[in-house]
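S.K.:
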Amino acid sequence: MPATQQKAAPPKPLPFQWQFVAGAVAGVSEILTMYPLDVVKTRFQLQVGTGGADGYSSIGDCFKKIIKNEGFGTLYRGIIPPIMVEAPKRATKFAANEQYTILYRSILGEDVNKQGLSILTGVSAGITEAFLVVPFELVKIRLQDKANAGKYKGSLDALTKIVKAEGTLALFNGLEATLWRHASWNGGYFGCIQGVKNIIPEAETSNGNLARNFVAGAVGGTFATMLNTPFDVVKTRIQNQAKGSVLKYNWTLPGVAMVYREEGFRALYKGFVPKVLRLGPGGGILLVVFDTVSTLIRKHVLHENV
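According to the UniProt record's numbering, the sequence shown holds residues 1 to 306 in order.
(1) Is GLU129 near ALA242, with beta carbons less than 9 Å apart?
(2) How far does the alpha helix (DSSP H) with ALA149 in it extend, from its first residue to its last?
(3) Quick check on TRP180: does DSSP put it in helix, strand or coil?
(4) For ASN228, which of helix, strand or coil comes out of DSSP?
(5) Using the beta-carbon count (16 or more within 10 Å), is ASP157 buried or exposed?
(6) Looking only at C-alpha atoms, which of SER124, ALA170, LEU277 sits nearest to VAL219?
(7) For the UniProt repeat "Solcar" (14-103), which segments carrying the alpha helix (DSSP H) assignment without a break, of at least 4 residues, lie completely within its bounds, in sequence order?
(8) Where does the unbroken alpha helix (DSSP H) through PRO274 begin, and where does it stop?
(9) Does the contact criterion of 3 or more C-beta pairs under 8 Å hold for the segment 221-229 versus the segment 176-191?
(10) To the nearest angstrom, report how far apart residue 308 and ASN305 are at their CA atoms.
(11) Any idea if PHE136 is buried or exposed, counting beta-carbon neighbours within 10 angstroms, 16 or more meaning buried?
(12) Measure the C-alpha to C-alpha separation of GLY284 and VAL215 and round it to an integer number of angstroms.
(13) As a quick exercise: from GLN45, SER106, THR92, LYS151, pick the residue whose alpha carbon is nearest that of residue 307.
(14) Grab me the residues of TYR76's own chain with a C-beta within less than 8 Å of its C-beta, minus the 5 sequence neighbours each way, in chain order.
(15) Are there 16 or more other CB atoms within 10 angstroms of the CB of ARG237, so buried, or fewer, so exposed?
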């Protein structure tokens, strides 16, 4: 780059409603592509020990047994709740992150996004996101559990039966664990993205920048998954405890300690491989689709020069 050439200033954040749209499109694109891995992840997280003869020994074994014993459609069982919440969830993730970035930069007097600031805004966005997703996560997990295969006819039936049997507040079981899960994932994701972008220079072409964003998002998604999987394991178990059953897991950190004590360290990463296979590439898909849709909105709706 010539010494006299100035680096273009980053574009101003999109108005909130367009951040919402871009985040929604990104989220739905990711979940439609990667959802079967989420079902596999949940099955592993609910499996205590090896699960006996009906247990799953690997991702391939899990896919094979689900398709053979329960049908291919089971790989998409429970997708309606996440689809319903995916648009506001992912929109909240990106829109809240943008808004917190503006807020914290103003408070701290920062004029650039540093990695520490990205972690702070990511954690804040994750906490905001967690309050939104808890009921949808609970219904999804109940539907994904093999033991509940004949209990619920679908998402609405599951929601109705849970509320009737356990009360409306039961939909918020696992809120504290969800806060841990989303705060750690978003903080790791956005912080890592900023770190990778600081290392990899901007490309000269749009395709090059798409590749850069995918790498940053995939690395961010992988690192964030490493951070939050123990919280996710405990959250899954908390939310699968129906009223009337023995409530073995209550709070997140004691739950993490219990899983470690009873099942060992590896149990804290049950479902990690399908989870990281989803959220590593999924994190790249999220960032690429979000940036692509944002660019299209700037160009064709807001008529900005991009």
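Think of the CB as a built atom: it goes at the ideal place given N, C-alpha and C, for glycine as much as any other residue.
What you are looking at is a predicted structure, and each value in this text was computed from that prediction instead of being measured.
M.R.: Here's the rundown:
(1) Reading the sequence shown from its first residue, position 129 is the one you call residue 129. Reading the sequence shown from its first residue, position 242 is the one you call residue 242. The answer is no: Cβ separation not under 9 Å.
(2) Taking the sequence shown and counting its residues from 1, one reaches residue 149 at position 149. Premise fails: ALA149 is in no alpha helix (DSSP H) and is neither H nor E.
(3) The count along the sequence shown starts at 1 and reaches residue 180 at position 180. DSSP places TRP180 in helix when its eight states are reduced to three.
(4) Position 228 of the sequence shown holds residue 228. Helix, per DSSP.
(5) On the sequence shown, position 157 is the one that residue 157 refers to. Burial call: exposed.
(6) By one-based count along the sequence shown, residue 219 stands at place 219. Residue LEU277 is the option with its Cα nearest to VAL219.
(7) 16-46, 59-70
(8) If you number the sequence shown from 1, residue 274 lands on position 274. PRO274 -> alpha helix (DSSP H) spans 272-300.
(9) yes
(10) What the structure shows of the chain is the stretch from 1 to 306, and residue 308 is not part of that stretch, so it cannot be assessed.
(11) Taking the first residue of the sequence shown as position 1, residue 136 is located at position 136. Classification for PHE136: buried.
(12) Here residue 284 refers to the residue found at position 284 when the sequence shown is read from its first residue. Here residue 215 refers to the residue found at position 215 when the sequence shown is read from its first residue. Roughly 6 Å separates the two Cα atoms.
(13) The first residue shown for the chain is 1 and the last is 306, placing residue 307 beyond what the model contains.
(14) Taking the first residue of the sequence shown as position 1, residue 76 is located at position 76. Only TYR35, PRO36, VAL39 meet the Cβ criterion.
(15) Position 237 of the sequence shown, counted from the start, is the residue given in the question as residue 237. Label assigned to ARG237: buried.
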